[in-house]
Amino acid sequence: MVHPTHARREFGDTANVRFGPIVAVDGATMTIRLDGDPTRWEAADADRLAAILGRDDLTRRDGHPVAMLNVERASLVAIAVGPAILPGRLEVAFGVFSLAEESLPGPSPDQPDWHLVRATAI
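Using this note's numbering, read the sequence shown as starting at 50 and increasing by one per residue.
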């Protein structure tokens with residue numbers, strides 16, 4: 050389980066946050082393209098990752114799920130869920146956390162929630 054303090058530490062510093070598509074998944078391993086370069090991440094909970102990626106309301110860009118990472122801390126991957134179509138501008142409510150969903154809720158209905166998965170770079 051992700052603790053709210055961990056999420057706040059990870060994503061509270063917006064200067065180091067990057068967004069990118071998840072271009073491949075193999076079990077617990079994700080390939081996320083950040084700034085054009087593929088990076089590989091191992092999820093601590095493959096079942097949680099599969100459950101998030103299996104949602105009908107997964108937010109996509111060019112057919113790929115959208116992820117958010119803090120490139121300096123990089124111990125959590127946030128995956129955008131609902132709406133299914135990526136808005137023109139992303140907004141994230143870093144100070145709010147849903148314990149039930151282990152997510153950062155979107156600040157408005159047209160913005161995605163960010164479901165969190167513990168992960169490490171590989």
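Built from N, CA and C at the ideal position, the CB exists for glycine as well. Since the structure is predicted, the reported quantities are computational estimates derived from the model, not experimental observations.
Query: Beta-carbon spacing of VAL126, ALA77 below 7 Å; Result: no
Query: Close Cβ partners of ASP162 (< 8 Å) along its chain, the five nearest in sequence each way excluded; Result: ALA129, VAL130, GLY131, SER147, GLU150, SER152, LEU153, PRO154, GLY155
Query: Start-to-end residues for the beta strand (DSSP E) that takes in HIS113; Result: 113-119
Query: Chain-order list of residues whose beta-carbon lies under 6 Å from that of GLU121 (same chain, five-residue window excluded); Result: ASN65
Query: Reduced DSSP secondary structure (H/G/I, E/B, other) of THR54; Result: helix
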